[in-house]
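Residue numbers (my numbering): 1154 to 1572.
And the structure:
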């Protein structure tokens, strides 16, 4: 073939560079639309950034957008290969066509891979918002240009892309914790909140045998004595072997006599098979702090109670008040607690759920019946002093913060597993 004039070589070279540039743009857009976080798009909309609503639409119709990008990218890659082969054919004799193929492959392939694929995608992964804001209008224009192709393709894959499942969200939370974006306590709290719609009331309610209540026949003085004894602000009322309602301390605080039935308040009932989120919603709707638990929705026999505090504790951990002085394990947060030295190790391990939190954290059999103080002394291999500290398997920190000073006092340990 006759060589082309230098002016045509220049024009074709410019066209080739433009095609490779377009390929780089499409590759970067593909990665940017794939990796951008929907929350960032919502932030752009809240900030009223230019093009934010169109970008959200493109991300919502992801199949449509990605089809447009891939079609355009393949077209420019094919065109660049064809143009480069044509230029080689004008320089190399036709009887050496194999040489043309070899040179085209060895020269153009590395250029496309490095400058039109790898580098643009790495940049787009690091700056997805910037890439999308630069080219969203261009992608929208190409969609309408290629609509005979992109529209049916987007319909074929309509159900492929779905919202993250709850398990995927939990995995993202774990990753955020490992990367330091979330603290241990924050991660645990969010996961506990997600578990409210899977945990059942039957796993968390207080059985009737453990409930303090008074008979409907009790005198006002007897009920007031029960309030003093339990330090509760609400007490259930029993009649005919069933709970019929509650009485509130503030309603009878100043009374010396009267019929307790005149002060009964009704509370909602929830099935033991209900999930915690439904029970919480029912109590909030009834403006009640407590609900009676029954076996199922068709039963009226109360088998226990559950309170809003019980449900909230499933998210934030144990909640204490000024009268909870007899606790042997006092949880300060989801990753820190204080415990008395006389608590048994098996009780401590079970309540704090260390075996679930960490791998290979089962206590040796001979240590399960030890008290915390005995176990701590064994780990230190000497008598503990105030502020003595021990890190168990580099995961849990034990520190003696208060030494026993009198016969009735106890050693107090601070336990931290948030590091």
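Virtual Cβ for every residue (Gly too), placed ideally from N, Cα, C.
- In the structure shown, the three-state DSSP call for residue 1461 is helix.
- If you ignore the 5 residues before and after residue 1217, its C-beta comes within less than 7 Å of the C-beta of 1296, 1303, 1307, all in its own chain and listed in chain order.
- Bounds of any beta strand (DSSP E) do not take in residue 1540, whose DSSP letter is neither H nor E.
- Distance from the CA of residue 1493 to the CA of residue 1563, rounded to the nearest whole angstrom, comes to 6 Å.
- DSSP places residue 1212 inside the alpha helix (DSSP H), whose first and last residues are 1205-1213.
- Looking at the DSSP output, residue 1418 shares a beta bridge with 1399.
- Annotation for residue 1358: 1446, 1457, 1459 place their beta carbon closer than 6 Å to its own, counting only its chain and skipping 5 residues before and after.
- In the structure shown, residue 1404 falls within a helical segment according to DSSP collapsed to helix, strand and coil.
- Three or more Cβ pairs closer than 8 Å define a contact, and the stretch 1338-1358 meets that threshold against the stretch 1419-1432.
- In this structure, residue 1510 lies away from residue 1482, with their beta-carbon atoms at least 8 Å apart.
- Annotation for residue 1354: no alpha helix (DSSP H) segment contains it, and DSSP assigns it neither H nor E.
- Beta-bridge partners assigned by DSSP to residue 1523: none are found.
- In the DSSP assignment, residue 1336 falls outside any beta strand (DSSP E) and carries neither an H nor an E.
- In this structure, DSSP gives residue 1507 a helical state, which the three-state scheme calls helix.
- Around the beta carbon of residue 1571, a 10 Å sphere encloses fewer than 16 other beta carbons of the protein chains shown; the residue is thus reported as exposed.
- Contact annotation, residue 1186 with residue 1219: C-beta distance approximately 7 Å; criterion of less than 8 Å satisfied.
- At a Cβ-Cβ threshold of 8 Å, residue 1172 and residue 1264 do not count as neighbours.
- The residue among 1227, 1178, 1236, 1463 with its C-alpha nearest the C-alpha of residue 1162 is 1236.
- Less than 8 Å divides the Cβ of residue 1388 from the Cβ of residue 1380.
- Residue 1484 and residue 1490 do touch by the CB rule: their CB atoms are close to 4 Å apart, below 8 Å.
- In the three-state reduction of the DSSP assignment, residue 1567 falls in the strand class.
- DSSP lists 1543, 1568 as the bridge partner or partners of residue 1551.
- The bridge partners DSSP lists for residue 1372 come to none.
- Residue 1497 is bridged by DSSP to 1524.
- Non-local C-beta neighbours of residue 1364 in its own chain, meaning closer than 7 Å and more than five positions away in sequence, comprise 1389, 1457, 1458, ordered along the chain.
- Checking the DSSP bridge columns, you'll see residue 1492 partnered with 1482, 1566.
- Contact annotation, residue 1184 with residue 1274: C-beta distance approximately 4 Å; criterion of less than 8 Å satisfied.
- Cβ neighbours of residue 1230 within its own chain (closer than 7 Å, five residues either side excluded): 1176, 1265.
- By a beta-carbon distance limit of 8 Å, residue 1540 contacts residue 1552. Their separation comes to about 7 Å.
- Within the model, the alpha-carbon separation for residue 1464 versus residue 1545 is close to 31 Å.
- According to DSSP, residue 1391 shares a beta bridge with 1368, 1396.
- The three-state reading of DSSP puts residue 1428 in strand, counting E and B together.
- Sequence-distant partners of residue 1505 (beyond 5 residues in either direction) whose C-beta falls short of 7 Å from its own C-beta, in its chain, are 1490.
- Straight through space, the alpha carbons of residue 1503 and residue 1372 are spaced by roughly 42 Å.
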